[in-house]
Amino acid sequence: MEAIEALNEKNGSNKSAISKYIESKYGELPPSHSSLLTAHLARMRESGELLFIKNSYFRPGSDVPPKRGRGRPPKPKPELPTDAILRQPRPRGRPPKPKDPLAAAVAKATAGLPRRRGRPPKAAGSAASGTAGPAAAAAAGSGVKRGRGRPPKVKPTLVTDVV
1 MEAIEALNEK NGSNKSAISK YIESKYGELP PSHSSLLTAH LARMRESGEL
51 LFIKNSYFRP GSDVPPKRGR GRPPKPKPEL PTDAILRQPR PRGRPPKPKD
101 PLAAAVAKAT AGLPRRRGRP PKAAGSAASG TAGPAAAAAA GSGVKRGRGR
151 PPKVKPTLVT DVV
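Numbering (UniProt numbering), first residue to last: 1 to 163.
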């Protein structure tokens, strides 16, 4: 902006004239100065701070309203009263459950011995009782332990007629 105002050319200032003015005022410039200048001029042109006509940059007149930005404007934030107490933001995660000392004591008393890993062993008395069903009763009555898997098919005995 300062370079365009200082040059004060009637037909506007082109990019090379603006670059020469900046170099004369500030001396040594970085090698990326040309690309930076291009980017800044483009940004100012998009925002409406500069007008670009026939490869020349002008300052818009005072009667020209500034250009509106792209996209939807942000929603206005609700105004908070000045005497409102600022609360701290809630912490992340689920809040902890309230501790009940009585429930913890009851649970500890009923636990007794700590349980071991894995499936508990079968109680010896439950296999002898007949509550499991007829298959369990037949297995208990024979006294022979069954093997794993499906039992082999029983072959029928041939009955011969003796006359």
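Positions of the beta carbon are idealized from the N, C-alpha and C atoms, including for glycine.
Nothing here was measured: the structure is a model prediction, and the numbers come from that model.
- Scanning the region 17-64 from its first residue to its last, the whole beta strand (DSSP E) runs of 3-plus residues come out as 51-53, 56-58.
- Taking a contact as a CB-CB distance under 8 Å, the pair Y21 and A42 does not count as one, their CB atoms being some 18 Å apart.
- Taking every protein chain shown into account, the CB of Y57 has 16 or more other CB atoms within 10 angstroms, so this residue is buried.
- Under a 10 Å Cβ-count criterion, S13 is classified as buried, with 16 or more other Cβ atoms of the shown protein chains found around its own Cβ.
- Going by C-alpha positions, K54 is about 9 Å away from N11.
- The beta carbon of K153 is closer than 7 Å to none in its chain, skipping five residues each way along the sequence.
- For A105, same chain residues with a beta-carbon under 6 Å away, outside a window of 5 residues either side, do not exist.
- Distance from the CA atom of G93 to the CA atom of K99, rounded to whole angstroms, is 18 Å.
- Rounded to whole angstroms, P60 and P74 show a C-alpha spacing of 26 Å.
- Here L158 is exposed: its Cβ has fewer than 16 other Cβ atoms, across all protein chains shown, within 10 Å.
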